[in-house]
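In this note's numbering, the protein residues as written are 48 to 304.
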């Protein structure tokens with residue numbers, strides 16, 4: 048990020064957020080020490096210690112199981128969202144039929160119907176995939192559709208005048224126009240995918256970070272409950288930051304045009 052022609056330093060950009068986070072953690076630590084009920088209200092330091100103690104179990108046994116659901120479900124949501132967006136952009140009738148149905152799917156809390164997925168599919172990947180797909184595909188489809196629809200009409204007229212067909216207009220104009228909003232939808236939905244995969248595991252699974260957190264609740268292990276949550280948060284933040292890389296590269300490419 049640049050300000051007045053100069054590249055802004057990392058500290059200037061992120062310093063206030065880091066200071067606020069440290070202040071909140073300090074308040075949490077003080078409050079936990081004052082309450083002194085670690086199995087119910089553990090301190091941040093206790094959570095870090097417990098996470099380190101459980102690192103092999105969490106990272107090697109449960110994290111891969113959760114990430115399998117995250118990336119499989121999120122990948123299916125991306126594919127479904129792109130297909131629906133292109134279909135709605137190509138056909139007003141399809142948009143009139145699909146858009147209300149897609150909206151209705153977002154009014155049903157995934158947490159409330161996840162137990163049904165367990166009844167239908169058992170403790171399998173399918174139940175967790177469905178939960179992730181339902182929570183993420185709508186935002187991807189809607190943002191991509193808006194990007195396709197908002198392509199420059201003058202450029203579209205110019206391409207049409209030059210003899211370009213619908214396929215050429217789609218790939219040369221509409222997809223580049225929709226790409227920034229598509230990337231935005233990916234940044235929005237990746238944390239949702241992580242959260243809903245863990246929720247699905249909490250409600251019905253035999254492995255995974257969500258399942259492990261639930262097991263620690265039954266053992267009254269407060270730091271153990273927060274340990275997988277910490278890893279889930281770090282995974283979501285890492286994915287979010289990685290998704291900024293293609294966004295920056297695309298912005299640089301657009302500026303060079």
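Idealized CB from N, CA, C, for every residue including glycine.
With a threshold of 8 Å on Cβ separation, who are the neighbours of residue i within its own chain once the five nearest residues in sequence on each side are excluded?
{"i": "residue 90", "result": "75, 76, 79, 80"}
{"i": "residue 285", "result": "none"}
{"i": "residue 292", "result": "none"}
{"i": "residue 111", "result": "none"}
{"i": "residue 168", "result": "174, 177"}
Using alpha carbons as the reference points, say which of the options lies closest to residue i.
{"i": "residue 283", "options": "103, 66, 114", "result": "114"}
{"i": "residue 220", "options": "195, 239, 229, 242", "result": "195"}
{"i": "residue 181", "options": "149, 103, 73", "result": "149"}
{"i": "residue 248", "options": "236, 262, 235", "result": "262"}
{"i": "residue 86", "options": "287, 163, 267, 137", "result": "267"}
{"i": "residue 104", "options": "294, 295, 66, 260", "result": "260"}
{"i": "residue 117", "options": "172, 97, 131", "result": "172"}
{"i": "residue 122", "options": "144, 145, 183", "result": "183"}
{"i": "residue 238", "options": "281, 145, 258, 265", "result": "281"}
If you run the structure through DSSP and keep just helix, strand and coil, what is residue i?
{"i": "residue 252", "result": "coil"}
{"i": "residue 267", "result": "coil"}
{"i": "residue 211", "result": "coil"}
{"i": "residue 240", "result": "helix"}
{"i": "residue 65", "result": "helix"}
{"i": "residue 127", "result": "helix"}
{"i": "residue 156", "result": "coil"}
{"i": "residue 179", "result": "helix"}
{"i": "residue 56", "result": "coil"}
In chain order, what residues of the same chain have a beta carbon less than 6 Å from the beta carbon of residue i, not counting five sequence neighbours either side?
{"i": "residue 82", "result": "88"}
{"i": "residue 161", "result": "178, 247, 250"}
{"i": "residue 158", "result": "246"}
Measure the Cβ-Cβ separation of residue i and residue j and say whether it is below 8 Å.
{"i": "residue 256", "j": "residue 275", "result": "yes"}
{"i": "residue 151", "j": "residue 240", "result": "no"}
{"i": "residue 279", "j": "residue 252", "result": "no"}
{"i": "residue 128", "j": "residue 73", "result": "no"}
{"i": "residue 124", "j": "residue 231", "result": "no"}
{"i": "residue 69", "j": "residue 271", "result": "no"}
{"i": "residue 191", "j": "residue 218", "result": "no"}
{"i": "residue 205", "j": "residue 216", "result": "no"}
{"i": "residue 210", "j": "residue 175", "result": "no"}
{"i": "residue 289", "j": "residue 94", "result": "no"}
{"i": "residue 254", "j": "residue 61", "result": "no"}
{"i": "residue 141", "j": "residue 134", "result": "yes"}
{"i": "residue 234", "j": "residue 287", "result": "yes"}
{"i": "residue 224", "j": "residue 243", "result": "no"}
May I ask which residues mark the beginning and end of the alpha helix (DSSP H) holding residue i?
{"i": "residue 83", "result": "Segment: none, residue 83 is in no alpha helix (DSSP H) and carries neither H nor E."}
{"i": "residue 171", "result": "Unbroken run through residue 171: none, as it is neither H nor E."}
{"i": "residue 140", "result": "139-152"}
{"i": "residue 198", "result": "Careful: residue 198 lies outside any alpha helix (DSSP H) and carries neither H nor E."}
{"i": "residue 95", "result": "91-100"}
Give me, in chain order, the residues of the same chain whose beta-carbon lies closer than 7 Å to that of residue i; leave out the 5 immediate sequence neighbours on both sides.
{"i": "residue 130", "result": "none"}
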